[in-house]
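Undergrad: Here it is, the structure, as C-alpha cells.
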Amino acid sequence: MRSVVQVFSEMFEDEVDLYWLSAKFMKCLDQSGLQLEKLANLIQYYLQAEDIQLHKHLSNIGAFDVLPYKRWFESGFAEDISDTSMERIWDKVVSGSSKILVFVAVSLLMDLRKPLLMEKSTQAVERFLCKPVPEDNFEWIVDKAMELWDKYGATVISDAPTMH
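Each residue of the sequence shown is one higher than the last, beginning at 1 in full-length UniProt numbering.
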C-alpha cells in the first residue's frame, strides 16, 4: 500500500484528491486481492493464448506457483513498473476495471520471455522476478496490456475458463 500512496503523492498535490484516489484505488486492489487464485488462472490462460512456448516452459518447471501475484495485484504493479507508464492502467483500475492487471502480468511475462525461457527452476524464476524490470520496457508492457485488453474485451472473468 505504501508504494501506491507514494506514487500517488508524486502525481497529486491536493491532499484531498490524493486521499480519495488512493482510497478508491486500494479498494479496487483489495477486491482483486480476494480473487488471487482466479486472477492467477487468468494469467495462465491468456499467456497460453498469446505465447504457448513460454506458458509451457513456465508450467513445466512449476513457475506459475512462484510468480509474485500478491505483490503485483496488491500494489497494482507500483513496485515493478514506473507510475508514469502505469497511469493509463491505473485509470482503468480506478474506474472499476481492475482485471486489466491480468494483462499487465501477461505483458510483463511476455516482455521477459527470453530470460524466463533460460531459467530452469522455480527458484531461478523467483530470483529473476525480484530484479527490477528494465525501464525502457515499461511503455511496451503497458501498450501490450492495453492491446490485450482491447483484444479480449473487458469481460475477462466470464470469458476465460477456470484452470486447474
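Note that beta-carbon positions come from the ideal geometry of N, C-alpha and C, so glycine has one too.
Could you work out which residue in Glu139, Asp65, Glu13 and Asn60 is closest to Val104 when comparing CA atoms only?
TA: For the purposes of this step, residue 104 is taken as residue 104 along the sequence shown, with counting starting at 1. The option with the nearest alpha carbon to Val104 is Glu139.
Undergrad: Hey, is the segment 71 to 80 in contact with the segment 49 to 61, meaning 3+ C-beta pairs nearer than 8 angstroms?
TA: With a cut-off of 8 angstroms, the segment 49 to 61 and the segment 71 to 80 do not count as touching, because too few Cβ pairs lie within range.
Undergrad: Pick from Met86, Pro115, Thr122 and Leu101: whose alpha carbon is nearest that of Lys38?
TA: Here the question's residue 38 lines up with position 38 in the sequence shown. Of Met86, Pro115, Thr122 and Leu101, the residue nearest in Cα terms is Leu101.
Undergrad: Please state the DSSP three-state secondary structure of Pro115.
TA: Here residue 115 refers to the residue found at position 115 of the sequence shown. Pro115 falls in the helix class under three-state DSSP.
Undergrad: How about Leu129 and Leu67: do their beta carbons lie closer than 8 angstroms?
TA: Against the sequence shown, residue 129 aligns to sequence position 129. Against the sequence shown, residue 67 aligns to sequence position 67. Result yes, Cβ atoms of Leu129 and Leu67 sit closer than 8 angstroms.
Undergrad: Classify Lys92: buried if its beta carbon has 16 or more other beta carbons within 10 angstroms, exposed otherwise.
TA: Here residue 92 refers to the residue found at position 92 when the sequence shown is read from its first residue. Looking at its Cβ environment, which holds 16 or more other Cβ atoms inside 10 Å, Lys92 is buried.
Undergrad: Alpha carbons only, please: which of Leu58, Pro132 and Leu42 is nearest the one belonging to Ser121?
TA: For the purposes of this step, residue 121 is taken as residue 121 along the sequence shown, with counting starting at 1. It is Leu58 whose Cα lies nearest to the Cα of Ser121.
Undergrad: Looking at Leu109 and Leu47, is the spacing between their C-beta atoms short of 8 angstroms?
TA: Locating residue 47 in the sequence shown gives position 47, where the first residue counts as 1. Locating residue 109 in the sequence shown gives position 109, where the first residue counts as 1. A contact, by the Cβ cut-off of 8 angstroms.
Undergrad: Go to Ala124, then tell me how far its alpha helix (DSSP H) extends in each direction, as first and last residue.
TA: To locate residue 124, count along the sequence shown from 1; it is residue 124. That run of the alpha helix (DSSP H) goes Thr122 to Phe128.
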